[in-house]
Structure formats: C-alpha cells, structure tokens
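Below: one structure, written as structure tokens.
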Amino acid sequence: MDVIIDGHNLIGQMAKLSLQDQHKELKLLQHLQAYFGRTRHQVLVAFDRGQLAGKQASLGTPQLQVIFARGIPADTLIKQRIAAHPRPHDLLVVSSDRSIQLVARSCHAQVRTSQEFAKTLQSGYRGSGALQPTPAQSL
16 MDVIIDGHNL
26 IGQMAKLSLQ
36 DQHKELKLLQ
46 HLQAYFGRTR
56 HQVLVAFDRG
66 QLAGKQASLG
76 TPQLQVIFAR
86 GIPADTLIKQ
96 RIAAHPRPHD
106 LLVVSSDRSI
116 QLVARSCHAQ
126 VRTSQEFAKT
136 LQSGYRGSGA
146 LQPTPAQSL
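Position 68 of the sequence shown, counting from 1, maps to 83 under my numbering, and the rest follow consecutively.
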C-alpha cells in the first residue's frame, strides 16, 4: 500500500508536536520513519514551505519521500498525486482536509483523518491492521 500524508495537517494533531516548533517537520519525519520502518509501504509526506524546504532530498529515504510544495499549496500537490496514482484503490490518504478527502474518495482511495492516524502513530502500533480503514472510510 502507498500512503500520502498531509504533513502539516498531521503535525497539528500530534500531542508532542507543535506547528510553532521550527523543527516540526523533522520531528514528524522521525516518527514516520520509526513507524513505517518495518513495513513495505511507500510513503509520501507533503508540506507547505518550511524551515527544511531546501533539504527535502536529504530528509527522505527510499521508502519515505518528502516534498515541500513550492509555487502551489501542498493541498493542491496532494490532490494531483492522488489523481495521478496508478492504483488509487491501494492508496491511503492521511488528511483531515475535506477537499483532499473528497478527491481521495472520488478516486477510490482509502482515507484516514489526521486525528485517527496521529493516535495510531503515537501508539507505536505496527501491526498489519494499522493502516486499515474503518468501515465508514472504505468505499
């Protein structure tokens, strides 16, 4: 399964992270690397401009791609990536932004809100069901 994450949207839901922290993106990426490190999921995290925007290539891993949107909002970039995904039914989109959720659902991707995913991420659970949508989220 591929995963697209609305980075700043998720940071806002993490108990130990703050949108005011100048290292917020790096801290989120550390959480995500620890969480996804033992899986085969390919993860894309999209941010609007940030402190680390010039270092995006060095922040990622082969499994975790990091993009700082330039010239367009990250929400637009995320929507474009969802629409262009070759297997959207194998895609999980993490965002509480309703317009992103609408695009994801119209493409038959799975959706988790940032609040839901933050709870999963903070619990450290890495079981096979960690990324499964609830029945209300499935299409």
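No residue lacks a Cβ here, since even glycine has one placed at the ideal position from N, Cα and C.
Computed from a predicted model, the values in this text were never measured in an experiment.
Residue i to residue j span [Cα, whole Å]
i, j, result
"G27", "V60", "14 Å"
"P77", "M16", "15 Å"
"V18", "H100", "11 Å"
"G69", "R55", "Low confidence applies to G69: its pLDDT is 48, below 50, so where it sits in the model is not reliable, and the reading given next is rough at best. C-alpha separation (whole angstroms): 27 Å."
"K42", "M29", "10 Å"
"Q80", "L117", "23 Å"
"A20", "I82", "Inspection of the sequence shows that residue 20 is occupied by Ile rather than by Ala. Near 10 Å, if we compare the C-alpha coordinates of I82 and I20."
"D105", "H38", "31 Å"
"A119", "V108", "7 Å"
"A89", "D63", "5 Å"
"L136", "G75", "18 Å"
"T91", "D112", "11 Å"
"P103", "Q48", "23 Å"
Where residue i falls, given that 16 or more other Cβ within 10 Å makes a residue buried
i, result
"S114", "exposed"
"K31", "exposed"
"Q125", "buried"
"G86", "exposed"
"A98", "exposed"
"R127", "buried"
"S138", "exposed"
Supposed close pair residue i, residue j - CB separation, criterion 8 Å
i, j, result
"I93", "S110", "7 Å"
"H23", "L34", "7 Å"
"A133", "L44", "At roughly 15 Å, the Cβ-Cβ gap does not stay under 8 Å, so A133 and L44 are not in contact."
Helix, strand or coil at residue i according to DSSP, with G and I counted as helix
i, result
"D90", "helix"
"Q45", "helix"
"D21", "strand"
"L34", "coil"
"Q80", "strand"
CB contact below 7 Å: residue i versus chain D
i, result
"S110", "Of the chains in the structure shown, none is chain D; there is only one protein chain."
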